[in-house]
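Student: Mapping of the sequence shown onto this note's numbering: residues 116 to 547, in sequence order.
Glycine is no exception: its CB is placed at the ideal position from the N, C-alpha and C atoms.
Just so we're clear, the structure is a prediction, and the values are computed from it rather than from any experiment.
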Amino acid sequence: MKDTIRVGLLGLGTVGTGVIEILHNNKESIKHKTGCEVKVTKALVHDLNKSRDLPGDKVELTDSYEDIINDGNIDVIVEVMGGIDHTLQVLLQAMENKKHIVSANKDLVAEHGEELFDAAVRNKTDLYYEASVAGGIPIIRSIVDGLSSDNIRKMMGIVNGTTNYILTKMSQDGSDFDDVLKEAQDLGFAEADPTADVDGLDAARKMTILSILGFSMPTRLDDVKLKGIRGMSTADIAYADKLGYAIKLIGIAEHDEEGIALSVEPSLLPKSHPLSSVHDEFNAVYVYGDAVGETMFYGPGAGKGPTATAVVSDLIAVVKNIQLGTNGNNYVHPQHERKLKSKADTYTKKYLRLHVLDKPGILMELTRAFAEKDISFDQIIQQPADSMEERELMMVTHSVNEESFEEAMETLRNLPSVVSIDSVFRVEGGDE
């Protein structure tokens, strides 16, 4: 049993500072739970001359990661500096030096998780990454431990706070996408370069991690069907509302006998669905299991306190393993071979908005194109367009397989009476 566990911190920005603050503020509670003191002794920074007001014992600062990963007195490395390729090499080297790893790096885990896990097993070191998905929500630990006895069939959720904030403001205020994006950047909810958020890549990385753990299958980032919210129209939000839905950027991972289907895309949710009431920068994940049924995990998806809380929780788990001598046993290789569902086996409802020529028989012409692919409609709304010669249609299908829907859409694009196909979104929930 050790009296003190020493931690090296790679990164001393917002989250890194939050880690030090939580370890200081909850010092006695953490010591009671682990049987020892847990303290950050060294931290990697970009600027050694920058003034920092850190609580507790003095932390040695360095601008060289080698000073931390080669320090024989450091037991655990906490990585909160971000990055992918360089960070991967740093952590692999740290594990070769028998350092345990706690990371908040979703990009790294999603793209190089298998390599990291193999290194952890080979070196008998721990690798924890709860903070990589949904900030302060303990979704990874819930799937790996809390629901480990169940057979998880589906996970869906709002796992990106930036896009949820944007869609919330567009829905509540009727503001345009570009205006709300700038507001989110000014408030610090969106990065200066929001590409990973608004184009759905951030959410796709998180759903990749969840699918690997939930389905015990080695899925990859490029398995995710991806569509972001860039350029989202306030018209679609208003029409969805009229149809009884809210629009959210939803990550979905489904698993059945045919394989798995992964997607991140704007989706229409019934207003009665719990995810429809998740607003602003908050996250929520729905998990469907054979035995447990439906469970939902809700909370802040990012931020100093929530993310640092997840990091320190992982750190406590590592410290307990050190005290018990059980490190290196927290990872289980995927049980199943990777198997993706075909488009013909992937079913969902669809919403589409289009402009058509205002002429007799247009609805019959459109529905015939879908009927040829055995596609029927749940709702159709027709109203005047800006042009006197056109009509605007909003249509929601019944459940349809992706292959048939794509074929029907190709037929639609070639119809002279179809002026434009403006939007196509998934519809989740309700009549399947």
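Is the separation between the beta-carbon of Val205 and that of Asp241 shorter than 9 Å?
Tutor: no
Student: Please state the DSSP three-state secondary structure of Met524.
Tutor: helix
Student: Reducing DSSP to helix, strand and coil, say where Arg345 ends up.
Tutor: coil
Student: Excluding the five sequence neighbours on either side, which residues of its own chain have a C-beta within less than 7 Å of the C-beta of Ser74, listed in chain order?
Tutor: Because the chain in this structure spans residues 116 to 547, residue 74 falls outside the shown range and cannot be described.
Student: Here's the rule: buried if 16 or more other CB atoms are within 10 angstroms of the residue's CB, otherwise exposed. What is Val447?
Tutor: Classification of Val447: exposed, given that the 10 Å Cβ count is below 16.
Student: Could you pull out every unbroken alpha helix (DSSP H) segment of at least 4 residues lying fully inside the segment 251-324, listed in chain order?
Tutor: 276-288, 292-302 and 310-313
Student: Do you know whose CA, among Ile267, Met332 and Val407, lies nearest His451's CA?
Tutor: Met332
Student: Could you tell me the distance, in whole angstroms, from the CA atom of His388 to the CA atom of Asp356?
Tutor: 13 Å
Student: With contact counted as at least three CB pairs below 8 Å, one residue from each stretch, are the segment 425-444 and the segment 257-266 in contact?
Tutor: Using a Cβ-Cβ distance cut-off of 8 Å, the segment 425-444 and the segment 257-266 are not in contact, since fewer than three pairs of beta carbons, one from each stretch, lie closer than that value.
Student: Between which two residues does the alpha helix (DSSP H) carrying Asp371 extend?
Tutor: Asp371 -> not in any alpha helix (DSSP H); beta strand (DSSP E) instead, spanning Tyr360 to Asp371.
Student: Rounded to whole angstroms, what's the CA-CA distance from Lys488 to Ile137? Just pull it up for me.
Tutor: 58 Å
Student: If you measure between the beta carbons of Ala376 and Leu325, is that distance less than 9 Å?
Tutor: no
Student: Closest to Lys269 by CA distance: which of Phe540, Glu409 and Arg528 is it?
Tutor: Glu409
Student: Quick check on the burial criterion: 16 or more other C-beta atoms within 10 angstroms. Buried or exposed for Thr119?
Tutor: By the neighbour-count definition (other C-beta atoms within 10 Å, threshold 16), Thr119 is an exposed residue.
Student: If I follow the unbroken alpha helix (DSSP H) through Asn140, where does it start and stop?
Tutor: Segment Thr129 to Asn140, the alpha helix (DSSP H) holding Asn140.
Student: Out of curiosity, what's the CA-to-CA distance linking Lys117 and Ala235?
Tutor: 22 Å
Student: Closest by CA to Arg237, which one among Gly131, Met285, Asn444 and Gly374?
Tutor: The shortest C-alpha to C-alpha distance from Arg237 to any of Gly131, Met285, Asn444 and Gly374 is the one to Asn444.
Student: Rounded to whole angstroms, what is the Cα-Cα separation between Asp312 and Thr482?
Tutor: 36 Å
Student: Name the DSSP bridge partner or partners of Pro385?
Tutor: Tyr360
Student: Enumerate in chain order the residues of its own chain whose CB-to-CB distance from Ser532 is below 7 Å, with the five nearest sequence positions on each side excluded.
Tutor: Val471, Leu472, Lys474, Ile477 and Glu480
Student: With Ser428 as the anchor, note down where its alpha helix (DSSP H) starts and where it stops.
Tutor: Lys419 to Leu439
Student: Could you name the residues of the same chain whose beta carbon sits closer than 7 Å to that of Ala158, not counting the 5 residues immediately before and after it, in chain order?
Tutor: Leu124, Leu127, Gly131, Val174 and Leu176
Student: Would you call Ile496 buried or exposed, if buried means 16 or more other Cβ atoms sit within 10 Å of its Cβ?
Tutor: exposed
Student: What does the Cβ neighbour count give for Ser378, buried or exposed, with the cut at 16 atoms within 10 Å?
Tutor: buried
Student: Check each candidate in Lys464, Met509, Glu505 and Met510 and name the one with the smallest Cα separation from Glu518.
Tutor: Lys464
Student: Give the secondary structure of Asn516 by DSSP, where H, G and I count as helix, E and B as strand, and everything else as coil.
Tutor: If DSSP states are grouped into helix, strand and coil, Asn516 belongs with the strands.
Student: Report, in whole angstroms, the separation of the C-beta atoms of Gly250 and Ala425, which I expect to be a contact under 8 Å.
Tutor: 7 Å
Student: Spatial neighbours of Arg121 within its chain, please: C-beta separation below 6 Å, excluding the five flanking residues on both sides.
Tutor: Thr156, Asn188, Ile189 and Asp190
Student: Please say whether Ala305 and Ile267 have beta carbons closer to each other than 9 Å?
Tutor: At the C-beta level, Ile267 and Ala305 stay beyond 9 Å of one another.
Student: Which residue or residues does DSSP assign as beta-bridge partners of His470?
Tutor: Glu507 and Ser535
Student: Skipping 5 residues on each side, what residues in its chain have a beta carbon closer than 8 Å to that of Arg345?
Tutor: Phe292, Val313 and Asp314
Student: Express the C-alpha separation of Ala484 and Ala417 in angstroms, rounding to a whole number.
Tutor: 45 Å
Student: Looking at C-alpha atoms only, which residue of Gly414, Val339 and Thr283 is the closest neighbour of Lys363?
Tutor: Checked all of Gly414, Val339 and Thr283; the closest Cα to Lys363 is Thr283.
Student: For Tyr466, which residues of its own chain have a beta-carbon under 6 Å away from its beta-carbon, when the five flanking residues on both sides are left out?
Tutor: Leu383, Val511, Phe540 and Val542
Student: Looking only at its own chain, which residues have a Cβ that is under 6 Å from the Cβ of Glu507, when we skip the five neighbours before and after it?
Tutor: His470, Gln498 and Ala500
Student: Decide if Tyr183 is buried, meaning its Cβ has at least 16 other Cβ atoms within 10 Å, or exposed.
Tutor: It should be pointed out that residue 183 corresponds to Ile in this sequence rather than to Tyr. Label assigned to Ile183: buried.
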